[in-house]
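Residue numbers (my numbering), protein chains in the order written: chain A, 1 to 253; chain B, 1001 to 1254.
All C-beta atoms in this analysis are idealised placements derived from N, C-alpha and C, irrespective of residue type, glycine included.
Only one structure is covered here, and it is reproduced in the block below.
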C-alpha cells in the first residue's frame, strides 16, 4: 500500500480553516437560535413611533418617502396583527399612521385601515376621525375616502353619527370615484336622523339616476313613506331607531 | 505578534483616511442636528437624541466599512504591495486577522468618540442618567460593526471593492431582517419555515446588537443579552475569518 503524500502547509491551513469555520459556524448557528429564543426582540415600530411627526421623518428618507411609507405600512400591519393576537394594546398606533400618511399623503388604504383600527380596537374615535379628515384634506376629490369617512360615522362605537355620515356619503356621491351606493346611503342616513326634506331629495335623485329597478322601487317606497310622515306631521313614521353596531362595541379584555 | 503589527498599520492607515475623519465630523453634526429637532419632539427630545445618536454610530460605521473595509485587501493586491508582505514569513491568516483587527479598532475608536459626545450632550441636557444605557448601546453597536468588518474583509479577499461593498451591504440588510425572516417563516408551511429558519440563523443576526429602544428609554439591557451578543460576535467573526482564510489560501497571486 502506498503512503499518502503529506499535505503542503498551504493545503493544511486551507483544510484547517474550513474545519474551524464549520465548527464555529455551527456554534454561531446555535447561539443565534438560542439568543432568538432567550431574549426579548427589539420592536422597530415602537422606535418609529418615537418621532414627533412624519414631517420630521420625511427629510430623513432622502426623497424616498413613498418607499419609507411602504415599509412603515408593512410594520404597521405587523404591529396591528401582533397586538391583536396578544395584548390588544395599541398605544402608539395613531402616531404611526400619522407618520405613514405624512410620508405618503395619497396612501388611501392607510387612512382607512388606520382609522377603523383606531376606532374599533384602539377605542380612540377622535384619533380615527382626525386621521380620516387628514386623508380627505390631502385627497379632496376621493369619493372612496369620503364614503369610508361617512361609514366611520355611521358605525361610530357608542352611537351612530348619522348627520356626519350623511354629509360624507353625499360628498362621496358627488365624486366620480364614489361608490354607486353613496347616494342611497346618504338618503338613508338623512332620513334616519330626521332630516326628511333632504332625505326626500336624495331618494328622488336615487330614483332618477339609478338603473337598478330594485333600487328605484326602494327609493319610491321611502319617498312615499316620507310624504306620509310629513302629511300627518308624524316624523317618526319615516325614521327608524337604529342600534349601535354590536361588532364595533365589542372590546376584548 | 505579526497580526498585531499589521493591525497597527491598518489602524494608522484607516484613521488617517479622510473617510473616517469625515464620518467623525458627520456624527458630531448629526448630534447637533438632534438638538435642533428636540424642541419639536413634544418632550421626547432625550429619546430622540439617544436613538439618532446610536443609529448614527451604526450607520456611519457601516459607511466606513463600505468605503474603506471592502477595499482593504483588494487595494493591496492592486498596488502589488501584498507580494512584499506575503513573501515574508507572514501567513495569510495572520494577514487577514491583522487587517480585520486594525479596521475594527478604528471603528471602535469612532464609536467611542461618538458615544462620548452623545453622553456629554445628554449630561449637558440633564439626562446624564442615560449614561449606562448609552454605553451599552455603543458597545453593542461596536460589536455589530466588528461582525460586518469581518464580512467586508472576507469579501475584500475574494472580490473587487465594488462587488465586496455590494455583498457586505447585502449581508447587512439581510442580517437586519433576520428576526423578521423568522416571524415571516412562522406563517409558512413547515418545510419552508425550516428553510427560512436555517437561513435566518446563518446570516449575521444583527438585531441582537440593537438595544436602541431600551437605551432611548434610559433602560440598560440584561447581562445575558450582553454576554450572548459578545459571544455571538466573537464566534461569528472567527467563523467568517476562517472562511476568508480558506478562500484566501486557495488564491494564487501570480
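Just to make sure I have the definition right: I need the residues of chain B whose C-beta is within less than 8 Å of the C-beta of residue i. Which are they?
{"i": "residue 41(A)", "result": "1179 and 1207"}
{"i": "residue 38(A)", "result": "1224 and 1228"}
Throw me the rounded Cβ distance for the residue i and residue j pair, which I believe falls under 8 Å.
{"i": "residue 155(A)", "j": "residue 184(A)", "result": "Between residue 184(A) and residue 155(A) the Cβ distance is about 16 Å, and since that is not below 8 Å, they are no contact."}
{"i": "residue 1131(B)", "j": "residue 1119(B)", "result": "5 Å"}
{"i": "residue 196(A)", "j": "residue 230(A)", "result": "6 Å"}
{"i": "residue 135(A)", "j": "residue 108(A)", "result": "7 Å"}
{"i": "residue 1007(B)", "j": "residue 1101(B)", "result": "4 Å"}
{"i": "residue 1063(B)", "j": "residue 1023(B)", "result": "6 Å"}
{"i": "residue 1059(B)", "j": "residue 1103(B)", "result": "17 Å between Cβ atoms; not a contact."}
Which residues of chain B have a Cβ atom closer than 7 Å to the Cβ of residue i, listed in chain order?
{"i": "residue 32(A)", "result": "1201, 1205 and 1232"}
{"i": "residue 14(A)", "result": "1246, 1249 and 1250"}
{"i": "residue 18(A)", "result": "1246"}
For the alpha helix (DSSP H) containing residue i, list its first residue and its last residue.
{"i": "residue 182(A)", "result": "182-192"}
{"i": "residue 155(A)", "result": "Where residue 155(A) is concerned, there is no enclosing alpha helix (DSSP H), given that its DSSP letter is neither H nor E."}
{"i": "residue 1217(B)", "result": "Neither: residue 1217(B) is in no alpha helix (DSSP H) and is coded neither H nor E."}
{"i": "residue 18(A)", "result": "9-38"}
{"i": "residue 1164(B)", "result": "1161-1176"}
{"i": "residue 1017(B)", "result": "Residue 1017(B) -> no alpha helix (DSSP H), and no H or E assigned at all."}
{"i": "residue 1057(B)", "result": "1045-1067"}
{"i": "residue 97(A)", "result": "93-103"}
{"i": "residue 1201(B)", "result": "1190-1202"}
{"i": "residue 114(A)", "result": "108-120"}
{"i": "residue 84(A)", "result": "65-85"}
{"i": "residue 1093(B)", "result": "1092-1124"}
{"i": "residue 205(A)", "result": "196-209"}
{"i": "residue 125(A)", "result": "125-138"}
{"i": "residue 163(A)", "result": "162-174"}
Against chain D, does residue i count as a neighbour if the rule is that its beta carbon must be under 9 Å from one of theirs?
{"i": "residue 1091(B)", "result": "In the displayed structure, chain D is absent; the protein chains listed are A and B."}
For residue i, which residues in chain A fall below 7 Å Cβ to Cβ?
{"i": "residue 1235(B)", "result": "24, 27, 28 and 31"}
{"i": "residue 1238(B)", "result": "24"}
{"i": "residue 1182(B)", "result": "36"}
{"i": "residue 1243(B)", "result": "21"}
Counting only beta-carbon separations shorter than 9 Å, does residue i have a partner in chain B?
{"i": "residue 115(A)", "result": "no"}
{"i": "residue 21(A)", "result": "yes"}
{"i": "residue 10(A)", "result": "yes"}
{"i": "residue 78(A)", "result": "yes"}
{"i": "residue 248(A)", "result": "For residue 248(A), the predicted structure reports a pLDDT of 45, less than 50, and the residue's modelled location is therefore unreliable. A value from the coordinates is still provided. By this cut-off, residue 248(A) is not an interface position."}
{"i": "residue 1(A)", "result": "Reliability of the predicted coordinates at residue 1(A) is poor, the pLDDT of 48 falling under 50, and no value is obtained from them."}
{"i": "residue 253(A)", "result": "Here residue 253(A) scores only 38 on pLDDT, less than 50, and its place in the model should not be relied on; the value that follows carries that caveat. No, because no Cβ of chain B sits closer than 9 Å to the Cβ of residue 253(A)."}
Compare the C-beta of residue i with all C-beta atoms of chain A and state if any pair is closer than 9 Å.
{"i": "residue 1125(B)", "result": "no"}
{"i": "residue 1121(B)", "result": "no"}
**Message:** Closer than 8 Å is the cut-off here; do at least three beta carbon pairs connect the segment 1171-1185 of chain B with the segment 1012-1027 of chain B?
**Reply:** no
- Examine the Cβ distances between the segment 1185-1199 of chain B and the segment 1144-1164 of chain B and report whether three or more of them are shorter than 8 Å. No, because fewer than three Cβ pairs between the segment 1185-1199 of chain B and the segment 1144-1164 of chain B fall closer than 8 Å, the two stretches do not touch.
Does the contact criterion of 3 or more C-beta pairs under 8 Å hold for the segment 1143-1150 of chain B versus the segment 1197-1214 of chain B?
By the criterion of at least three beta-carbon pairs nearer than 8 Å, the segment 1143-1150 of chain B is in contact with the segment 1197-1214 of chain B.
Q) Does the segment 1228-1237 of chain B come close enough to the segment 26-43 of chain A that 3 or more CB-CB pairs lie under 8 Å? A) Yes, the segment 26-43 of chain A is in contact with the segment 1228-1237 of chain B.
**Asked** Using 8 Å as the Cβ pair cut-off and three pairs as the minimum, do the segment 107-120 of chain A and the segment 140-156 of chain A touch?
**Response** yes
- Are the segment 1025-1036 of chain B and the segment 1111-1128 of chain B touching by the rule of at least three beta carbon pairs closer than 8 Å? yes
Legend entry - Any 3 or more C-beta pairs closer than 8 Å across the segment 1165-1174 of chain B and the segment 1082-1093 of chain B: no
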